[in-house]
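Chains as they are written, first to last, in UniProt numbering: chain A, 1 to 253; chain B, 1 to 253.
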């Protein structure tokens, strides 16, 4: 049985709380947060506390707060012997000022109120001792079948890759939606295409899956598209991404 | 029973052939194509022909060829009384020179060898007569529960929206993959994130689902990311998309 304290009350903290609570080999003994209002949600799952001096003794302390607050929160844990791990993709392990440091980074986008199956979420671990790593591995493997050792530099790059694959992708969905709305077309018409686009990469590489006018070097279609766009930002994005795709594939045409 | 001839032997023609063949109310009577080799695949499903004069009489002729070839292929059908419809998002209805013209545009990305469930694929119809439209509606509804009337201008815009939601999105997946490979990280780590990103928009709007440094106006993280990118094209894409997201959301910060 691994005992865990979660520090933080946001989206990820909520998802971890729910998952730990239903995992037999994990005992979520406490959630710490400064905001009493936010803590209320957690009190149906476990004990809550808002004073650093009341933080309980545990095998693992998971810091699930915003990147800027990690260092400060870790100061409350200087006297703890358990493994102190943050959950951030972009933050180095050494901002933590604890005896036993680690990183426990679940690579996923978490939405309030939308449950996720942790079993398929990659959890990226880093640690500076074999012993701490063993504890984090036990914790991660209890909730996920995809546990990876990823160092600080790799994790930074992975976080960057995730910005392209998630943040920017979602923004493109938004442009698709805006085009639909302007033309009185339901955005629902695009949704099956969006689903299939993401499904494709389970069986093809993105390179193999690439289609469209830029892929074919079809200048006529690209110019037609550009003439349909009135928003300057959308036009710039269309131009830049088309140019990038064209450049990548033109050797093969 | 609706009788159909497919003209074309590509990806979409194959998927339509498979779907029509297993639909009781549709009789796929022939597939026409110039390339004998490509026709062979179809001969296990129906009759094939490669001479325009041999094209059979049918209720509907579906032209599933590349955009540039639509007009030429439609010339073979001048004497036909059935509805002649193309399947292209970017092509106006009036390139067709047939008596009864129409458009039958399935909005999806089709991959060779990867079967799709047509029932969930939106089919966008256009026609210039009530009678032709009725025939196309019967055909579309026999294979899909999502049949929409979309005119030429709307369809052009929808096709443009699809470029953002599919072609450009897939290219961003490719950048994510490239970043992983360069840093000796398996691209599999990003796949659950990619899946969840597309799943999110079934319950949230893209605007609600937007997260990340640009969404938060977090300049420090954005600069850190930029310092990690050495490829000039990726850097330009990062800058432009971050700027667009920041501009869209900064009023709300």
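Just so it is clear, CB atoms sit at the ideal spot from N, CA and C, and this is done for glycine as well. These numbers were taken from a predicted model, which means no experiment stands behind them.
Which residues, in chain order, does the region 175-194 of chain B contribute to contact with chain A at a C-beta distance below 9 Å?
Result list: 175, 176, 177, 178, 179, 180, 182, 183, 184, 185, 186, 187, 188, 189, 190, 191, 192, 193 and 194.
So which of B:249, B:234, B:186 and B:157 has the shortest CA-CA distance to residue 230 (chain A)?
The sequence position of residue 230 (chain A) within the first chain is 230, counting from 1. Of B:249, B:234, B:186 and B:157, the residue nearest in Cα terms is B:157.
With a threshold of 7 Å on Cβ separation, who are the neighbours of residue 147 (chain B) within its own chain once the five nearest residues in sequence on each side are excluded?
For this step, residue 147 (chain B) is matched to residue 147 along the second chain. Within the same chain, residue 147 (chain B) has close Cβ partners 123, 125, 137, 140 and 141.
If you follow the beta strand (DSSP E) that residue 185 (chain A) is part of, which residue opens it and which one closes it?
Along the first chain, read from residue 1 onward, the residue named residue 185 (chain A) stands at position 185. Segment: none, residue 185 (chain A) is in no beta strand (DSSP E) and carries neither H nor E.
What do you get for residue 81 (chain B), buried or exposed, if any count of 16 or more other CB atoms within 10 angstroms of its CB means buried?
The count along the second chain starts at 1 and reaches residue 81 (chain B) at position 81. The residue in question, residue 81 (chain B), is exposed, as its Cβ has fewer than 16 Cβ neighbours within 10 Å.
Between residue 40 (chain B) and chain A, is there a C-beta pair that is closer than 8 Å?
On the second chain, position 40 is the one that residue 40 (chain B) refers to. It does not; no Cβ of chain A falls within 8 Å.
Going by DSSP in three states, residue 56 (chain B) sits in which element: helix, strand or coil?
Counting from one through the second chain, the residue named residue 56 (chain B) turns up at place 56. Three-state DSSP puts residue 56 (chain B) in coil, outside helix and strand.
Within a Cβ cutoff of 7 Å, which residues of the same chain sit near residue 173 (chain B), ignoring the five residues on either side of it in sequence?
Along the second chain, read from residue 1 onward, the residue named residue 173 (chain B) stands at position 173. Only 194 meet the Cβ criterion.
Taking residue 190 (chain B) and residue 176 (chain B) to be in contact with their CB atoms under 8 Å, please state how far apart those CB atoms are, rounded to whole angstroms.
As a working note, residue 190 (chain B) is residue 190 in the second chain. As a working note, residue 176 (chain B) is residue 176 in the second chain. The Cβ separation is near 5 Å, so the contact holds.
Measure from the alpha carbon of residue 257 (chain B) to the alpha carbon of each residue in B:232, B:239, B:204 and B:36, then state which is nearest.
Nothing about residue 257 (chain B) can be read from this structure; chain B reaches only from 1 to 253.
Do residue 2 (chain A) and residue 21 (chain A) count as a contact pair if the criterion is CB distance below 8 Å?
Here residue 21 (chain A) refers to the residue found at position 21 when the first chain is read from its first residue. Here residue 2 (chain A) refers to the residue found at position 2 when the first chain is read from its first residue. No. Outside cutoff.
Is it buried or exposed for residue 108 (chain A), if we count other Cβ within 10 angstroms and need 16 for buried?
The count along the first chain starts at 1 and reaches residue 108 (chain A) at position 108. Residue 108 (chain A) should be labelled buried.
By Cβ distance, which residues of its chain are closer than 8 Å to residue 30 (chain B), with the 5 residues on each side in sequence left out?
Counting from 1 along the second chain, the entry for residue 30 (chain B) is found at position 30. Closer than 8 Å at Cβ, skipping near neighbours: 5, 6, 46, 47, 48, 49, 55, 56 and 58.
Using only CA atoms, which one of B:132, B:211 and B:149 lies nearest to residue 106 (chain B)?
On the second chain, residue 106 (chain B) is found 106 positions in, with the first residue counted as 1. Comparing Cα-Cα distances from residue 106 (chain B) to each of B:132, B:211 and B:149, the minimum goes to B:149.
Assign residue 101 (chain A) to buried or exposed, taking buried as 16 or more other Cβ atoms, counted over all protein chains shown, within 10 Å of its Cβ.
The residue labelled residue 101 (chain A) in the question sits at position 101 within the first chain. Buried: at least 16 other Cβ atoms inside 10 Å.
Alpha carbon to alpha carbon, how far is residue 205 (chain B) from residue 61 (chain B)?
In the second chain, the residue the question calls residue 205 (chain B) occupies position 205. In the second chain, the residue the question calls residue 61 (chain B) occupies position 61. C-alpha separation (whole angstroms): 38 Å.
Can you tell which of B:178, B:185, B:199 and B:184 has its C-alpha closest to the C-alpha of residue 188 (chain A)?
Taking the first residue of the first chain as position 1, residue 188 (chain A) is located at position 188. Closest by alpha carbon: B:199.
Please list the partners that residue 224 (chain B) has in chain A, where partner means a Cβ-to-Cβ separation under 8 Å.
Your numbering for residue 224 (chain B) matches position 224 in the second chain. 90 and 156, listed in chain order.
The alpha helix (DSSP H) spanning residue 150 (chain A) covers which residue range?
Reading the first chain from its first residue, position 150 is the one you call residue 150 (chain A). Element bounds for residue 150 (chain A): n/a, residue is neither H nor E.
Round the Cβ separation of residue 63 (chain B) and residue 134 (chain B) to the nearest angstrom and send it over; I've been treating them as touching at under 8 Å.
The sequence position of residue 63 (chain B) within the second chain is 63, counting from 1. The sequence position of residue 134 (chain B) within the second chain is 134, counting from 1. In fact, because the Cβ distance is near 19 Å, the residues do not count as touching under 8 Å.
CA-CA distance, residue 32 (chain A) and residue 91 (chain A)?
Start at 1 with the first residue of the first chain, and residue 32 (chain A) comes out as number 32. Start at 1 with the first residue of the first chain, and residue 91 (chain A) comes out as number 91. In a straight line, the C-alpha of residue 32 (chain A) is about 21 Å away from that of residue 91 (chain A).
To which residues of the same chain is residue 151 (chain A) closer than 7 Å at the C-beta, ignoring the five residues directly before and after it?
In the first chain, residue 151 (chain A) corresponds to position 151, counting from 1. Excluding sequence neighbours, residue 151 (chain A) sits near 126.
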